[in-house]
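J.: Here you go, one structure.
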Amino acid sequence: MKLKTTLLLIGLFAFLQVKSQYSTGTVPLFSTPGGADLAYSVKIDLTPSLVTLTLIGPSSGWLGMAFNTTNMDDIGKDVVIFDGTNLSDRTFNGQGIVPPLDATQNWTVTSNTVAGSVRTVIATRALNTGDANDYVFTVPPTSPLNITYGRRLSNFTIAYHGSNSCGTTALNFGTLGTNETVLESKKMNLYPNPAKETVSFKNADKIKSIDIYESAGRKVRSVKVEGENISVRDLKSGTYYFEITLKDGTVSYEKLIKE
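Positions 69 to 327 (my numbering) are the ones given, in order, by the sequence shown.
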């Protein structure tokens, strides 16, 4: 009886850990107004203690992002700019003015890779840094979260980004593996479930990639879908969550029971 109770508590803790992880998925960004594709995207992941920001864009110039704002003349709002090496903490000080650096820098770049002309930057910080200039993320998060963004193609000098190179949008957070609204609106349907060898997907032609997570939230592997099914033979028996990135940039989640 004691062993069963312990196992139940472990399972409940693992479930709660997954439930308290939130993600926007990878969101493509477009100019506002105009709707030009900026070849720039953002992803924000939240755990109870950490924000992970992923920026994917042109490798030839800086990438910028501001939180909880819909325009660049929103004085005092939190801004970050990646300059090729660092992701700097800044604050809006009026439209047309380079956002000045904060006295305290709180972001840590954990990955900075370039493939061809595309750069992927991953950085982390605490949800609440204690800095009055920084946006306070929460778990559960405020959703939707308004963001303003810009990027410069030509160089890394922090100056005017140029025309058709900025915009604003709202990011929606979903709970990893448990947000029923996200599941229903972006259902991909994997089957059979439970599964032993392979799983197939409805609308597989819409899928760009899949990240597989254990029930405790640890990423197991990434899969590029070729055809309508993938092998799960090498997965140990248990519960897994599939983060499915679609070709249009949206993300859906599915739970798999591996026998």
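For every residue, glycine included, the Cβ atom is placed at its ideal position computed from N, Cα and C. Computed from a predicted model, the values in this text were never measured in an experiment.
For Ala171, list the residues DSSP reports as bridge partners.
T.: None; Ala171 has no bridge partner.
J.: Can you check whether the CB of Ile149 is closer than 8 angstroms to the CB of Phe160?
T.: Not in contact: Phe160 and Ile149 (Cβ atoms no closer than 8 angstroms).
J.: Give the DSSP bridge partners of Ile149, in chain order.
T.: DSSP output for Ile149 lists Gly132, Ser156 as bridge partner(s).
J.: Below 8 angstroms on the Cβ atoms is my guess for Asp199 versus Thr172; work out the distance and round it to an integer in Å.
T.: With 8 angstroms as the limit, Asp199 and Thr172 qualify as a contact, their Cβ atoms being about 5 angstroms apart.
J.: Which stretch, first to last residue, makes up the beta strand (DSSP E) that contains Gly162?
T.: No beta strand (DSSP E) holds Gly162; DSSP gives it neither H nor E.
J.: Our contact map puts Lys326 next to Gly306 with C-beta atoms below 8 angstroms; I'd like the distance itself, whole angstroms only.
T.: So it is a contact: roughly 6 angstroms between Cβ atoms.
J.: From Tyr308 to Thr178, what does the alpha carbon distance come to, in whole angstroms?
T.: Roughly 26 angstroms separates the two Cα atoms.
J.: Should Arg286 go down as buried or exposed, given a rule of 16 or more other Cβ atoms within 10 Å for buried?
T.: Arg286 comes out exposed.
J.: Let's test the definition: count the other Cβ atoms within 10 Å of the Cβ of Ile112 and tell me whether it reaches 16, buried, or not, exposed.
T.: Per the 10 Å Cβ criterion, buried.
J.: Under the three-state reduction of DSSP, which class applies to Ala227: helix, strand or coil?
T.: In this structure, Ala227 counts as coil in the three-state DSSP scheme.
J.: If we ignore side chains and look at the alpha-carbon of each, how far apart do Pro168 and Arg158 end up?
T.: Distance between the alpha carbons of Pro168 and Arg158 is about 5 angstroms.
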